Every structure is written in C-alpha cells, then in structure tokens.
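Student: Numbering-wise, the UniProt record's numbering puts 138 at position 138 of the sequence shown, and it's gapless, one number per residue. Every residue gets a Cβ at the ideal spot worked out from N, C-alpha and C, and that includes glycine. Keep in mind the model is a prediction, meaning the values are calculated, not measured. Here you go, one structure.
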Amino acid sequence: MPETPPESHKDTPTPSSAESAMLHTPAHAVLPLWTLVVPFLGMGAYLAHLSYLGLAGVIGAAVIMMGCVLAAVHHAEVVAHRVGEPFGTLVLAIAVTIIEVSLIVSLMLSGSGDTATLARDTVFAAIMIIMNGIVGICLLVGGVRHHEQRFVLKGVSSALCVLAAMASLSLVLPNFTSSVPGPFFSPSQLIFVAVVSLILYGAFVLVQTVRHRDYFLPSGEGDLKPDVHAEPPTLKETLIAFGVLIVALAGVVLLAKSLSPHIEKAVVGAGLPLAVVGVLIAALVLAPESLSAIKAARRNRLQTSLNLALGSALATIGLTIPAVAVLSVVMGWPLSLGLDTKSMVLLLLSFVVSIFSLGTGRTTVLQGVTHLVIFATYLFVTVVP
C-alpha cells in the first residue's frame, strides 16, 4: 500500500504520555493489582510510623513511597487516557507536580540545611536529567539498535523554545535583578515569573494538543503505527483509578514528610552537598516517564520519547515553580532561584548542544554519547563542586 502522506494525520489526536504508556497494555492489565495495593500500604506505613523503626523501617518506607509514586503516575495515566486531550496531559502533569512539590515542601519544613535553594536545585536537576540523561539514553539506545532515528523537527523545536524561555526566566534572571540582593526575586517578581511560567506552559499544551497536533505525531517508522491507540478504560476503571490516585498522592505526601529528616541526614552524613537532595527528588519523580521514554526509543519511536521527556521538563518548570512561588509568598519562606555560575554554564551548554543534536530531525549514537557526557559532568560537579 502507498505510504500515507503526513498531512492526512493532522486531525489525529496527539499521543499523550498517558496513551504512549498504555499502547501495549491489555484491557485486563489497566489496573494491575500492585497499583491498587501499594497506595494503601503507603497510608498504613505512615500511620504505623514505619520510618521511625530504625534503618530497616526507613528503607521500607522509602521503597513503599517509590511504589506510591509509580502507582500514582499509572493511575493518572489511566484517568488521562479516559478524559482525552487536552485535559489528559494536564491530569498527568498535575499529579506529577503534586508529588514533586510535596517532596520539596516536606524538606523545606524540616528546616535543616539551606532549604531556600531546594526548589532551585530540584528544578535544575530535573532539566539536566531530562535534557542530558533521559534524552542521551534514548538517543544512545535507539542509535545502537536502529542506527539512525528520525523525528518531527517542528515539535521538538517548539518544546526547546519554550523550555529555554522558562529556564532562563526562572533560574537565570534572578541573578540579574536588583530589587532584592542576591539570587532572589522580590515577591512581585516571583508572582510575575509564576504567572509567565503558567502562560508559557498553557500555550505549549494548547499548541501540542489542539492547534498544531501534527507537529508531535510519530512519523510511523517505528514498530507501531501512529494511529494505533489503546482502548480507553471503562468508566468504572476510571473512577477506581481516580480514587486510588488520591490515596497514592496522600501516601507520597505523608511518607515524604516522615522521611525528609532521614534523607537530609543521610546526605549530610555522607559528606555530600545538599544539592544532591534535589537530584534525588527529581530522579524519583521522573522515573516513570523516563522508563516509558527509553522503551519508546527501543521501539524506534523517538518522537514519542522526546514528547515524553521534553513534556516532563516543561511541566516541571511550568507547574512546580508557580506552586513553590505561591507557597513562598504566602508562607514567607525565602526562595533562592538564581543558579550559580557553574550551573548557568551547564544550562547554556545543554541548550546549545540540544539545538545542534536535535536540529536536523535525525539522530545517531554520537548525539546520545554527547548528552550523556554532559550529564555525567553535571553529576560529578554536583558531588565534587
């Protein structure tokens, strides 16, 4: 049969991260048993004060909390797939943001260390993990298996454009404002940047899901056809998923609160900078999306991988920064958002390399290795500043 021209897909809904994760999920596996059990284990672990029962209790509570994170993201994907776009993308993004903000706030409430920089370190860590770690692994895995991969340049360029603006306004600009000394925004500046971040993220979601959906559609060269979608869950499955999602999010928030002193104590006790805490938070929150992106790259679905990765980065800044900013203004917490010189260099390098490596619509293992070297450098200078 003749190849269908790209124009014929313009009215096809963009595969959201929910749909991408569920493409191969059979109907009977929409709600796996572990995703229903783990959230309630999380609530039980908190009520039983598991994290206060020595080292074994802390490890057990941490494992259960990670399970709650994975379960929450899974149930958010089920709900998102049912409600469709553009609301599906927002459901998943909001769920992930709640998890990330809860972890940040829990550690800020613990009061130990320089908590003013925790939000900055976490958001910056998420950007570096996504742009260099996840993207690097996807390009390397896909390149090793398929030699050369292709994607739609317009969609990736749009995402990088918005991401560069968000990152610069939120993490670089504070170093150059003069209303408040140091890498801080004044309250009015903080609110302004929060609103601007929401506007940019909302505009991107609108373009991705409504106005220019064809920019983000897979080219059809992978193992799956672009018009193949999983059957949406039933109303009963969606209601169950939504209810368990609430329980899972509550479990994450409560367990994060009980584990936050132990996390900081472990990092400081190991002689590591407090910025490592931000890396751990970002890695935990991004784990589910990372696995989905890597699996898609192995199937020669690089467009889906990049949609997942860059979409997660945009949600991290576009939703986390406004949420933390509002809490900072309301609670009177100091919030240092400006990056140091070393981090600004790495951020600039990441965007420059991304422009070149993702600027042709084709990638090989070389681009993947380059991104991973930058990511390894970021991790090294974080531990050895």
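Short of 8 Å in beta carbon distance, which residues of its chain neighbour residue 182, apart from the five on each side in sequence? Order them along the chain.
Tutor: These residues qualify, in order along the chain: 336 and 338.
Student: According to the neighbour-count rule (16 or more other Cβ atoms, all chains shown, within 10 Å of its Cβ), is residue 331 buried or exposed?
Tutor: When all chains shown are included, residue 331 counts as exposed.
Student: Secondary structure at residue 151, three-state DSSP: helix, strand or coil?
Tutor: Residue 151 falls in the coil class under three-state DSSP.
Student: When you compare the CB positions of residue 139 and residue 377, do they come within less than 8 Å of one another, or not?
Tutor: Contact: no.
Student: Less than 6 Å between C-beta atoms, sequence neighbours within five positions excluded: which residues of the same chain meet that for residue 276?
Tutor: Around residue 276: 267.
Student: Could you tell me the alpha carbon to alpha carbon distance between residue 59 and residue 366, rounded to whole angstroms?
Tutor: Approximately 38 Å, taken between the alpha carbons.
Student: Rounded to the nearest angstrom, what separates residue 170 and residue 124 at their Cα positions?
Tutor: Between residue 170 and residue 124, the C-alpha separation is close to 10 Å.
Student: For residue 120, list the residues DSSP reports as bridge partners.
Tutor: DSSP output for residue 120 lists no bridge partner at all.
Student: Does the Cβ-Cβ distance between residue 382 and residue 126 come in under 8 Å?
Tutor: Result no, Cβ atoms of residue 382 and residue 126 do not sit closer than 8 Å.
Student: Hey, does residue 120 have any beta-carbon neighbour from chain D nearer than 8 Å?
Tutor: No chain D appears in this structure, which consists of one protein chain only.
Student: For the ligand MN, any of its heavy atoms closer than 7 Å to the Cβ of residue 234?
Tutor: Here there are no bound small molecules, and the ligand MN is not part of this structure.
Student: What's the C-alpha gap between residue 288 and residue 73?
Tutor: Rounded to the nearest angstrom, the two C-alpha atoms are 7 Å apart.
Student: I believe residue 259 touches residue 62 by the beta-carbon criterion, under 8 Å. Please report the beta-carbon distance rounded to the nearest angstrom.
Tutor: Indeed they touch by this definition, with Cβ atoms about 6 Å apart.
Student: Compare the beta carbon distance of residue 150 and residue 302 with 8 Å and say whether it is the shorter of the two.
Tutor: For residue 150 and residue 302, yes; Cβs fall inside 8 Å.
Student: Work out the CA separation of residue 122 and residue 279 for me, nearest whole Å.
Tutor: If I take the Cα positions, the gap works out to 6 Å.
Student: Quick check on residue 336: does DSSP put it in helix, strand or coil?
Tutor: Strand.
Student: Please report the straight-line C-alpha distance between residue 352 and residue 210, rounded to a whole angstrom.
Tutor: Cα to Cα, residue 352 sits roughly 29 Å from residue 210.
Student: Quick one: Cα of residue 361 to Cα of residue 310, how far?
Tutor: For residue 361 and residue 310, the distance between alpha carbons rounds to 15 Å.
Student: Within the continuous alpha helix (DSSP H) that includes residue 260, where are the two ends?
Tutor: It spans 235-269 - the alpha helix (DSSP H) in which residue 260 sits, taken as one unbroken run.
Student: Give the single residue among 307, 326, 95 and 373 whose Cα lies nearest to the Cα of residue 205.
Tutor: The shortest Cα separation from residue 205 among 307, 326, 95 and 373 belongs to 307.
Student: Exposed or buried, which one is residue 295 when buried takes at least 16 other CB atoms within 10 Å?
Tutor: It is buried - the Cβ of residue 295 has at least 16 other Cβ atoms within 10 Å.
Student: Just to confirm, are residue 281 and residue 70 a CB contact at a threshold of 8 Å?
Tutor: Contact: no.
Student: Quick one: is residue 42 buried, meaning 16 or more other Cβ sit within 10 Å of its Cβ, or exposed?
Tutor: Residue 42 comes out buried.
Student: Tell me whether residue 363 sits in a helix, a strand or coil according to DSSP, three-state version.
Tutor: DSSP places residue 363 in strand when its eight states are reduced to three.
Student: Do residue 142 and residue 298 have their beta-carbon atoms positioned less than 8 Å apart in this structure?
Tutor: Contact flag set, yes.
Student: Given this structure, state the Cα-to-Cα distance separating residue 325 from residue 106, to the nearest angstrom.
Tutor: Cα-Cα distance, rounded: 15 Å.
Student: Since residue 375 sits in a beta bridge, which residues does DSSP pair it with?
Tutor: None; residue 375 has no bridge partner.
Student: Between which residues of its own chain and residue 96 is the CB-CB distance below 7 Å, once the five residues before and five after are set aside?
Tutor: So the qualifying residues of the chain are 73, 285 and 315.
Student: If you count every other CB in all the chains shown that lies within 10 Å of the CB of residue 130, and 16 or more means buried, which is it?
Tutor: Classification of residue 130: buried, given that the 10 Å Cβ count is 16 or more.
Student: Do residue 158 and residue 201 have their C-beta atoms closer together than 8 Å?
Tutor: Taking 8 Å as the Cβ cut-off, residue 158 and residue 201 do not qualify as a contacting pair.
Student: Any idea which residues DSSP pairs residue 184 with across the strands?
Tutor: Answer is 336, bridged to residue 184.
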